[in-house]
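Structure first, commentary second.
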Amino acid sequence: MSRILYLDASAGASGDMFVGALIGAGADPEVIRRHVRGLGLEGLGVRVRRVERAGIAGTKFDVLDPESGRPVDEIALPGGDGGGAHGGHAHGAGRHAHAGRGQRHPHGEHEGSGHGHHHHRGLPEIRSILGRSPLPGPVAADALGVFELLAAAEARVHGCAVDHVHFHEVGALDAIADIVAAASAVHQLGVDEIWCSPVHVGSGTVRCAHGVLPVPAPATAELLKGVPVYSDGTVGELCTPTGAALLRYFCRGFRPLPPMAVEAVGYGAGTKDFGIPNFLRCFVGEAPASAVREETAAMG
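Structural data, given as structure tokens:
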């Protein structure tokens, strides 16, 4: 038997939804808080709360703004927007791609505001933050791997070097917290493999600091190359770049729910209310090794 984490992305995925789902399935939020605090980033805090979406109760994971203490999802950020700017505005001779809020996006909220005069963090600085942290080695390595996927996607979209992708100060903190929390939660659950359904990406357009982009956003589309995706006409950004990066990094494959004995179910809530329940749902349980082998062979 194999211990499996299965993600139901029928309402898409984002960083906060991923973390909330795994907390709902048994990951300890206090361990996650300790790991985020261990990054040593002043004022960085997180909050876990119960919310309701379409009559279903779930877990909402919030990253708190260091200045106001409010959830970053609720704040219109300079150089980004209330839901996280779509990354990558390449400009100037140096070809720097400015990635707004670090690609997190709070699952559908993107009301832009103008550029502010804020420090930007590049990928080398994020590597340094993770490298000097007291995080368990596997957690730090996975967090860095996800961040590198995000930066690589933005670099491809904007034709710049990966190390020239810069993240807005608040957005970088937000994305680091989400991604470290996700890596912490995955390791806490102690699963052998992670699988995911086909990914619902939504439809329409999304507004960011530099204009209106189609859904899925360019970075999301890059990250989901080779992944089965669809839209049922629900308007809005259902899968964000951070959500796509987490799925791409952690998931072994994308398939219908396998035969498994389910032990726990978690619902990770997004920020907005859509016509469908805005949750990333997860199942944790035991699956026959033969079923996993057969699926792996079929995918090969």
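For what it's worth, the numbering used here labels the leading residue of the sequence shown as 1, then goes sequentially. C-beta: ideal position from N, C-alpha, C; glycine also.
| message | Using the Cβ count rule (16 or more neighbours within 10 Å means buried), how would you classify S68? | response | In the sequence shown, residue 68 corresponds to position 68, counting from 1. The residue is exposed, with fewer than 16 neighbouring Cβ atoms inside 10 Å.
| said: For D273, tell me which candidate among G137, A151, R53 and R121 has the shortest Cα-Cα distance. | reply: Position 273 of the sequence shown, counted from the first residue, corresponds to residue 273. Ranking G137, A151, R53 and R121 by Cα distance to D273 puts R53 first.
| In its own chain, which residues sit with a C-beta less than 8 Å from the C-beta of G300, not counting the 5 before and 5 after it? | Stepping through the sequence shown from its first residue, residue 300 is reached at position 300. Because the pLDDT of G300 is 48, which lies under 50, any placement of that residue in the model is unreliable, and the question is left without a value.
| Can you tell me the Cα-Cα spacing of L44 and V31, whole angstroms? | Counting from 1 along the sequence shown, the entry for residue 44 is found at position 44. Counting from 1 along the sequence shown, the entry for residue 31 is found at position 31. One C-alpha to the other measures close to 15 Å.
| request: Enumerate in chain order the residues of its own chain whose CB-to-CB distance from L130 is below 7 Å, with the five nearest sequence positions on each side excluded. | output: Here residue 130 refers to the residue found at position 130 of the sequence shown. So the qualifying residues of the chain are A140, A143 and L144.
| query | Is G268 helix, strand or coil when you go by DSSP? | reply | If you number the sequence shown from 1, residue 268 lands on position 268. Residue state, collapsed to three classes: strand.
| Who are the Cβ neighbours of L246 in its own chain at under 8 Å, not counting the five residues just before and after it? | What you label residue 246 is simply residue 246 of the sequence shown in a count that begins at 1. The beta carbon of L246 lies closer than 8 Å to those of A13, G15, F18, V146, I179 and A182 in the same chain, with the five residues before and after it left out.
| request: With DSSP as the reference, label E52 as helix, strand or coil. | output: One-based indexing of the sequence shown puts residue 52 at position 52. Three-state DSSP puts E52 in a strand.
| request: Would you mind listing the alpha helix (DSSP H) stretches within the stretch 225-274 that are 4+ residues and don't spill past its ends, in chain order? | output: 241-250
| request: Could you check the C-alpha separation between P367 and M1 for me, to the nearest Å? | output: Outside the shown range of the chain, which is 1 to 300, sits residue 367, and nothing can be said about it.
| request: State the Cα-Cα distance for the pair I276 and T234, rounded to the nearest angstrom. | output: Along the sequence shown, read from residue 1 onward, the residue named residue 276 stands at position 276. Along the sequence shown, read from residue 1 onward, the residue named residue 234 stands at position 234. Taking the straight line joining both Cα atoms gives about 8 Å.
| request: Determine, using beta carbons only, whether L5 and A25 come nearer to each other than 9 Å. | output: Locating residue 5 in the sequence shown gives position 5, counting from the first residue. Locating residue 25 in the sequence shown gives position 25, counting from the first residue. Cβ atoms of L5 and A25: closer than 9 Å.
| message | Per DSSP, what are the beta-bridge partners of H214 in this structure? | response | For this step, residue 214 is matched to residue 214 along the sequence shown. The question names His, but residue 214 is Pro in the sequence shown. DSSP output for P214 lists T205 as bridge partner(s).
| field | Among F250, V165, C239 and Y267, nearest to G55 - alpha-carbon criterion | value | Taking the first residue of the sequence shown as 1, we reach residue 55 at position 55. For G55, the nearest C-alpha among the options comes from Y267.
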